[in-house]
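For the sequence shown, counting from 1, position 570 maps to 670 in the working numbering; every step adds exactly one. Note that CB positions come from ideal geometry on N, CA and C, so glycine has one too. Data first, discussion second: the structure below is written as structure tokens.
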Amino acid sequence: MMYLWKKSRGRVAGVRAVPVPVWVPVSRLGMVCAVLAVAGLVVGIPSVTGVGAAGAVAAPGDATTIALGGIPSALAVDPVSHEVYATDQSSNVVRRFDGRTPGGPVSTIAVGDGPMAIAIDAGAREVFVADTALGTVSVFSADVAAPTAQLIASIPSPSAIAIDPETHVVYVTSSTGNTVNAFDGTAVSPVLTTVAVGSMPEGVTIDSETHEVFVANSADNTVSRFRGATTELRGGAAAVDLSTMSTIAVGDGPMGVAIDESNKAVFVTDLRAGWVSKFDGAAAAPTVTNLIVGRGPSGIVVDQTSHSAFASNSLDVSVSQFDTTSEIPPVLTLPTGKAPKGIGVDESTGTVFTANRLGASVSSLRPGVPVAAAITSAAPLAATIGVPYSYTVTTSGNPVPTVFFGGTAPAGLTWNAATQTLAGTPTVVGDSTISIEAKNFASTSVALTYPFVVNPPAPALAASGTLPNATVGTAYRYEILAAGSSPATCAVTSGRLPAGLSLGAATCLITGTATAAGSVDFFVTATGAGGAASGNYSIVVTPSGTGGGCTASGESGAGSGSGAGFGGSTDRPKC
């Protein structure tokens, strides 16, 4: 059925249709007209949370949340006034506020039942709303402070709207009719042109330069493409070129669709697949590639100025941002409200807005800035055989880089990709090489190669304490390393040895002939490839002829640091 509405210089003057129209005869046209009641303008101050106070500009990647109530579903941004329009399917209204001052007043415009899609004809200054539950399309003026919406067309289960800004032709998908319905958005009594597309269409977009229409069909995982009207209709039917109809297979559950008109790249959110499909909208048989984004991607919009695409992840609290001109772009994650669906962008300010269905809010986001990947961790330290080891790689960049491990992990060590950690207990001494690569597609990846050394165990010294006695004039010999110790270089690092005795650096043997009686304390450090060990010792030198010393013959207790309880000597000297 059709509805009449008032015009002013070929554009809507008032606007807003009530959900239950009153029918009266219109004799001149021989049809009926909806007599539409005027909805009151409701003004309030929303609650604003997040980074930035009212009117403040959030930093890149930050979000400001505007609490609106209800179930915000679809969203559109007026590029002229910078006003944001969000449909509330639970209250059958559209809420409007100035996107530059998200803490400012919010006006409420009543529309038909269950509004689920919205689009703005910026040139004609008209806003079109798909009243999904009522099966109608409402229209109201973007320039009127308290507009009245009017029902302009009847379409079964309207699910998405797109407007050609050059021809002012409105395209509305019917999810139950499996059609796209085109009509002149400036006509008093628009004539519908119905085009059959795929199963359950949920998204539609237009290339305003070529007038190609792209429709995302959610049930059969395809995109329908055809050429729409190329000139203004002036009240007539849309001349759609059905000979140009083609079907492009995409991912599972396509919901939203958008195009970068400069390079004709088309992007489709595949909700069930969890990715965005991309193809060349100008190619006769395009190749489709996929880009992994967040959970449940639903809505998508392209900023034609910055060439950034933004996909709302409806099963998450995020928006995925990526460059539309890159073959493999970095995917940035922007925080937003719960279950974002509708999404729009103010290209003059670069601000992105999302309608958060489960958050009863709209989020205002500043786009993120890609930052090249960098490896920030230091080179790995040497490991020691038998000693637990852990080396974690840290990185910086936006998005967060993925880290790849190259080379062969030393025996006993394993690489954990989730924690970016090389850990374990080395079992084999040796030298090897490992490489670390960090990649986030913000620039070329960064890779570093490191030598990796597994040392033998640290040396072991005799237990600290009193070593075997020495005797003036009698040869003395004692190995300060414990039995089985790894090789080391030894030195007296504090105190001194008894006169006449010395410590061999390479042998770690205390040898010589004491020349003076007395007790001497000293500190020994043994340093090896696997580390260092130290101990405090003392030696008592007895006078000649007292029988208290040690000789080189081994009879009196010359020994090494292998015993316990007596400085490591094999047994207490008997001499």
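query: According to DSSP, is Ser464 helix, strand or coil?
result: Strand, per DSSP.
message: So, for Ala349: in the same chain, excluding its five sequence neighbours on each side, which residues have a beta-carbon less than 6 Å away from its beta-carbon?
response: Result list for Ala349: Thr322, in chain order.
query: Distance, Cα to Cα, Pro247 vs Val211?
result: Approximately 10 Å, taken between the alpha carbons.
message: Does Arg577 come out as helix, strand or coil in the three-state DSSP assignment?
response: In this structure, DSSP gives Arg577 an extended state, which the three-state scheme calls strand.
Candidates Leu168, Arg325, Glu427 and Met300: closest to Ala384 by CA position: Of the listed residues, the one whose Cα sits closest to Ala384 is Arg325.
query: Looking only at its own chain, which residues have a Cβ that is under 6 Å from the Cβ of Arg196, when we skip the five neighbours before and after it?
result: Residues of the same chain with a CB within less than 6 Å of the CB of Arg196, apart from the 5 flanking positions on each side, are Glu183, Tyr185 and Ser207 in chain order.
- prompt: Between the C-alpha atoms of Asp284 and Ala242, what's the straight-line distance to the nearest angstrom?
  reply: For Asp284 and Ala242, the distance between alpha carbons rounds to 17 Å.
- prompt: In or out: Thr533 buried (at least 16 other Cβ within 10 Å) or exposed?
  reply: Counting other Cβ atoms within 10 Å of its Cβ, Thr533 stays below 16 and is therefore classed as exposed.
message: So if DSSP puts Thr549 in a beta bridge, which residue, or which two residues, is it bridged to?
response: DSSP, once it has assigned bridges, lists Ser535 as partnering Thr549.
- request: Output the residue ranges of the beta strand (DSSP E) runs that lie fully inside the segment 437 to 516 and measure 3 residues or longer, sorted by chain position.
  value: If one requires a minimum length of 3 residues, the beta strand (DSSP E) runs lying completely within the segment 437 to 516 are 440 to 446, 451 to 456, 461 to 465, 471 to 475, 489 to 492, 495 to 498, 502 to 507 and 513 to 516, in chain order.
message: Do Phe552 and Asp531 have their beta-carbon atoms positioned less than 9 Å apart in this structure?
response: Yes; because the gap between Cβ atoms is below 9 Å, this pair is in contact.
message: My output table needs one value for Thr310: the three-state DSSP class, helix, strand or coil.
response: Correct three-state label for Thr310: coil.
task: Note down, in chain order, each residue of its chain lying with its Cβ closer than 8 Å to the Cβ of Gly199, except the 5 sequence neighbours on either side.
output: Val177, His182, Glu183, Val184, Asp446, Thr449, Thr451, Phe453 and Ser464.
- prompt: Under the three-state reduction of DSSP, which class applies to Met355: helix, strand or coil?
  reply: In the three-state DSSP reduction, Met355 falls in the strand class (E or B).
query: Using DSSP with H/G/I as helix, E/B as strand and the rest coil, what is Asn278?
result: Per DSSP, reduced to three states, the secondary structure at Asn278 is coil, with no helix or strand assignment.
query: Closest by CA to Gly618, which one among Ala606, Gly630 and Arg596?
result: By alpha-carbon distance to Gly618, the top candidate from Ala606, Gly630 and Arg596 is Arg596.
task: Might you give, ordered along the chain, the residues of its own chain that have their beta carbon closer than 6 Å to the beta carbon of Glu537, omitting 5 neighbours on each side?
output: Around Glu537: Phe504, Ser545 and Ala547.
- prompt: First and last residue of the beta strand (DSSP E) that includes Gly584?
  reply: Counting along the chain, Gly584 sits inside no beta strand (DSSP E), nor does DSSP assign it H or E at all.
message: Alpha carbons only, please: which of Lys364, Phe314, Gly353 and Val357 is nearest the one belonging to Thr344?
response: The residue among Lys364, Phe314, Gly353 and Val357 with its C-alpha nearest the C-alpha of Thr344 is Phe314.
message: Which residue wins for smallest C-alpha separation from Gly459, given the options Gly507, Pro440, Ala560 and Gly223?
response: Cα-wise, what sits closest to Gly459 is Pro440.
query: Do three or more CB pairs link the segment 420 to 434 to the segment 394 to 410 at distances below 8 Å?
result: Touching, yes.
query: Contact between the segment 505 to 514 and the segment 574 to 583: three or more CB pairs below 8 Å?
result: No contact exists between the segment 505 to 514 and the segment 574 to 583.
query: Going straight from the alpha carbon of Val528 to that of Ala482, what length do you get?
result: When rounded, the distance between both Cα atoms is 13 Å.
- request: Please report how far the alpha carbon of Ile428 lies from the alpha carbon of Ala249, in whole angstroms.
  value: Whole-angstrom Cα-Cα distance: 44 Å.
Separation of Leu251 from Val124, as counted between CA atoms: In this prediction, Val124 has a pLDDT of 27, which is less than 50 and means its spatial position is unreliable; what the coordinates show is noted afterwards. Computed Cα separation, rounded: 15 Å.
- request: Work out the CA separation of Ile166 and Gly203 for me, nearest whole Å.
  value: Rounded to whole angstroms, Gly203 to Ile166 spans 7 Å at the Cα level.
message: Quick test of the definition: if touching needs 3 or more C-beta pairs under 8 Å, does the segment 606 to 618 touch the segment 634 to 643?
response: For the pair of segments examined, the segment 606 to 618 was found to touch the segment 634 to 643: the number of CB pairs separated by less than 8 Å reaches three.
field: Residues of its chain near Arg457, where Cβ-Cβ distance is below 8 Å and the 5 sequence neighbours each way are ignored
entry: Once the five neighbours on either side are set aside, the close Cβ partners of Arg457 are Ile171, Pro172, Ser173, Ser414, Lys438, Ala439, Pro440 and Lys441.
message: Quick check on the burial criterion: 16 or more other C-beta atoms within 10 angstroms. Buried or exposed for Ile306?
response: The residue is buried, with at least 16 neighbouring Cβ atoms inside 10 Å.
- prompt: Applying the criterion that 16 or more other CB atoms from any shown protein chain within 10 Å of the CB defines a buried residue, is Leu342 buried or exposed?
  reply: Counting Cβ neighbours within 10 Å, Leu342 comes out exposed, since fewer than 16 surround it.
CB of Ala616 within 9 Å of CB of Ala599, strictly: Yes.
- prompt: Going by the CB atoms, is the gap between Ala560 and Ser585 shorter than 9 Å?
  reply: Cβ atoms of Ser585 and Ala560: closer than 9 Å.
query: For Asp231, which residues does DSSP report across the bridge?
result: For Asp231, which the question treats as bridged, DSSP gives the partners Pro215 and Thr236.
- prompt: Can you pull the DSSP bridge partners for Pro258?
  reply: Its beta-bridge partners are Ser274.
Proximity winner among Asp231, Thr494 and Thr625, relative to Ala518 (alpha-carbon distances): Ranking Asp231, Thr494 and Thr625 by Cα distance to Ala518 puts Thr494 first.
message: Quick check: is the beta carbon of Ile252 nearer than 9 Å to any beta carbon in chain C?
response: Checking the listed chains, one finds no chain C in this structure; it contains a single protein chain.
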